[in-house]
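In the working numbering, the protein residues as written are 2 to 225.
For every residue, glycine included, the Cβ atom is placed at its ideal position computed from N, Cα and C.
Quick caveat: nothing in here was measured; it's all calculated off a predicted structure.
Below is one structure; the comments refer to it alone.
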Ligand code: 6SD
C-alpha cells in the first residue's frame with residue numbers, strides 16, 4: 002500500500018549497490034492499482050464484526066498474479082512462524098521471492114491459505130504493516146547473495162555461529178571517556194584472545210538468550 006516506504010532503504014548502502022549493479026532486482030508492486038471501484042478500495046469490515054479493517058483477498062491475489070516470474074510467496078504477519086536465519090539462508094537460494102506486505106488488521110485468510118507459501122513473523126511485537134518486515138528480509142537475503150559482500154567468510158550467519166551470540170567488539174581509542182578496552186584484547190596473545198571471546202559469547206548467550214543457550218552444544222557439554 003505504501004511503495005514509497007521502501008524507496009530509501011532500497012537505494013541505500015549495500016542493498017542499493019546490489020540493485021544498482023543488477024546483482025539483485027527488487028520490483029515494488031503498488032497494491033492500490035488492484036483496488037476495487039473508483040476509490041481503488043483495498044479493505045473492508047471483518048465478517049463477524051470487530052474493530053479495524055481487513056485487506057480483501059482479490060486485490061492481493063491480482064497483485065501476486067501480476068508478478069511475471071512466479072516465485073516463492075512469503076506473507077508477513079505477527080501471527081506467522083518466527084523468522085530464522087535458516088529461512089533467509091534457504092530463500093537466498095531461490096531465484097524469485099514474492100514478499101507480501103499487508104496493512105490494517107490483516108489480510109483475508111482465504112488469500113493467505115490459497116496463495117501464500119509461508120507466513121512469517123519478524124518478532125513478537127506488533128507493527129502497522131509488513132513493509133518493515135519485508136525490508137528486514139531483503140537485507141538479510143541480499144547480504145547472502147554471492148558478490149554482494151566483499152568477504153564471503155563474513156556471510157556464514159555469523160550472529161548465530163555455533164548457535165551463540167557474538168562477543169563484544171572494541172575499536173580505538175584504547176581508552177574512551179575513562180573506560181579502557183579489556184586488557185586481553187591488547188595483549189597480543191591470540192590464544193587468550195580466542196578463549197576470552199568464546200567465554201564472552203557463552204556468557205552473553207546464557208544471560209541474554211537462555212532459549213538459544215538451552216539448544217547450544219556448549220550448554221549440554223559436560224565441560225561447561
Ligand atoms: C497487517 C501487518 C503485517 C501487520 C507484523 C509482523 C510482525 N512480526 N509484527 N507485526 C505485521 C505484519 C503487522 O499487516
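For residue 123, the distance from the CB to the nearest heavy atom of ligand 1 is below 7 Å. Within the model, the alpha-carbon separation for residue 43 versus residue 145 is close to 34 Å. Exclusion of the five residues before and after residue 137 leaves 123 as the residues of its chain whose Cβ lies within less than 6 Å of its Cβ.
Just measuring C-alpha positions, the residue of 28, 219 and 213 sitting nearest residue 85 is 213. With respect to the 8 Å criterion, residue 149 and residue 24 are classified as neighbours on the basis of their beta carbons. Spanning the alpha carbons of residue 19 and residue 74 requires a straight line of approximately 22 Å. Taking 8 Å as the cut-off, the Cβ atoms of residue 101 and residue 131 count as close. Assignment of residue 74 by DSSP, reduced to helix, strand and coil, places it in the strand class.
Remark: C-beta atoms of residue 166 and residue 111 do not approach each other more closely than 8 Å. Cβ-Cβ distances below 8 Å link residue 181 to 175 in the same chain, with the five nearest sequence neighbours on each side left out; the list follows chain order. Rounded to the nearest angstrom, the Cβ distance from residue 120 to residue 53 is 19 Å, too far for a contact under 8 Å.
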